[in-house]
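Take a look at the structure set out below.
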Amino acid sequence: MSSKKQPPLAPTPPSTVFALDARLAQMREGCIECGACVRECAFLRRYGTPWRIAHEWGSPRAEHERLPFSCSLCGLCATVCPQDLDPRALFLDMRRAAVRQGLGRYPEHDRLVDYETRGTSPRYTWYGLPEGCDTVFFPGCTFPATRPAVTRKLFHFLADKVPNLGVVMDCCTKPSHDLGREQAFGERFFELRDWLVQRGVRRVLVNCPNCFGVFARYGEELQVETVYEYLAANGVPQGANLSGAVSVHDPCPLRDQPQAHQSVRTLLARMGLEVKEMKHHGTNTVCCGEGGNVAPVDRQLAANWGNVRREESRSRTVVTYCAGCTAYLSSYVPAVHVLDLVFFPKLAAAGQAKISGPPLTYLNRLRLKAWFKRTIKAVHERVRPTGLDNGS
Ligand code: SF4
Ligand code: SF4
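Counting from -17, one number per residue, gives the positions in the sequence shown under the working numbering.
Okay, structure coming up:
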């Protein structure tokens, strides 16, 4: 079905505010160099306390140019800071400043930028809203690409419970957000958000923690909820009959979402699995190593987080609920996505979950797009318009 004609979108300026000077001043005045964040973070152990970094910012030390791109933006520093400071926000604003000055366009980031550009292209996107739709399922990029069968099962489950459920196959543009590409993020995410809001959507169900973070912070009228809470509240899974002990890696974009942490543990308990907590979990969790796209510019710092998980898990299987975390942690520990366990328990518990790799991942997204188009009777539908900013 074709979409109804809609009025043109009003131009939407980025809501991210360039605030580096204020952040630097706050850190210079507020940080007491207690070392609590430094003890948790290899990046800070290398570069010094946030107070020192803030004081030295702008000096000719060559390392400063790349410094903010070596922070994983995981937020553990903010969690442990007794002064309620947020070093992560400072490093993100440093990234934005570098991009604005033309210093932050590293060839090492091209791969991720290309991934996002493809994910937001007309070829891979599709929005489908049935009559009366106020809730959409937003599966994200990596999860549906690597797990199309689980994505279909998850959609069927949700559509059974949520009347008139729609779908949005698109990228939330978290990569641009975290790389400091304010203009690209603003144009891409706000265009997505406004299209949905103008057509009556008020709720977004996500499986990806990064998508959750973006919608929670910038979604405005859009309420966002994880599918884990939804599954736990609706009595699944049933009859998995697994046994044994696992640990849970809580993805850092959800560190402030205790309901999501608890929901995943509820799902595991229903399957018969015992959770043995690692030292860092819940609000105190660590990055898996993928955060902030650090690995392309500093493999050693990114790998530090994986090594933390290897030590803390003590050879137990680590269950997580982010496709990126699962892939990244798999180099260090036996890692499994909780949704693989929910929908294919025996295979996933045996370490045989079907997870596609490139180039099949792109084909999977095209096949899923075709499947959603057949499955949903859309009264509003579209693909992303071309010509959005590419963040130059
Ligand atoms: S956000 Fe994470 S990686 Fe960055 S400084 Fe804080 S704890 Fe370290
Ligand atoms: S925890 Fe807070 S006060 Fe302590 S060194 Fe880190 S930023 Fe400074």
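Backbone N, C-alpha and C fix where the C-beta goes; we use that ideal spot for every residue, glycine too. Since we're looking at a predicted model, the values are computed, not measured.
Near ligand 2: residue i beta-carbon under 7 Å from a heavy atom
i	result
residue 15	yes
residue 309	no
residue 380	Lying before the first or after the last residue shown, residue 380 is absent from the chain, which here runs from -17 to 374.
residue 268	no
residue 65	yes
residue 50	no
residue 33	yes
Spatially closest choice to residue i from the options, by CA coordinates
i	options	result
residue 206	194, 60 and 67	194
residue 214	203, 61 and 244	244
residue 120	94, 260 and 184	184
residue 4	54, 25, 67 and 30	67
residue 32	275, 109, 70 and 174	70
residue 281	20, 21, 223 and 25	25
residue 267	157, 333, 21 and 57	57
residue 51	160, 7, 191 and 2	160
residue 256	223, 135, 262 and 264	223
Residue i CB to nearest heavy atom of ligand 1 below 7 Å
i	result
residue 26	yes
residue 59	yes
residue 55	yes
residue 70	yes
residue 19	yes
residue 23	yes
Buried/exposed call for residue i, threshold 16 Cβ in 10 Å
i	result
residue 41	exposed
residue 217	exposed
residue 208	buried
residue 83	exposed
residue 295	buried
residue 126	buried
residue 152	buried
residue 35	buried
residue 346	buried
residue 275	buried
### Task
Check whether the region 97 to 112 touches the region 165 to 185, counting contact only when three or more Cβ pairs, one atom from each stretch, lie closer than 8 Å.
The region 97 to 112, when compared against the region 165 to 185, does touch it at the 8 Å Cβ threshold.
### Message
Contact between the region 327 to 340 and the region 348 to 364 is defined here as three or more beta-carbon pairs at a separation below 8 Å; is this criterion met?
### Response
No, they do not touch.
### the region 266 to 274 / the region 305 to 324 touching (three or more Cβ pairs under 8 Å)
Yes, the region 266 to 274 is in contact with the region 305 to 324.
### Meets three-Cβ-pair contact criterion under 8 Å: the region 211 to 230 and the region 294 to 309
Yes, they touch.
### Task
Would you be able to state if there are at least three C-beta pairs under 8 Å between the region 133 to 142 and the region 73 to 83?
Result no; under three Cβ-Cβ pairs closer than 8 Å.
### Query
So does the region 109 to 117 actually touch the region 144 to 153, counting three or more Cβ pairs closer than 8 Å?
Flag = yes, the region 109 to 117 and the region 144 to 153 touch.
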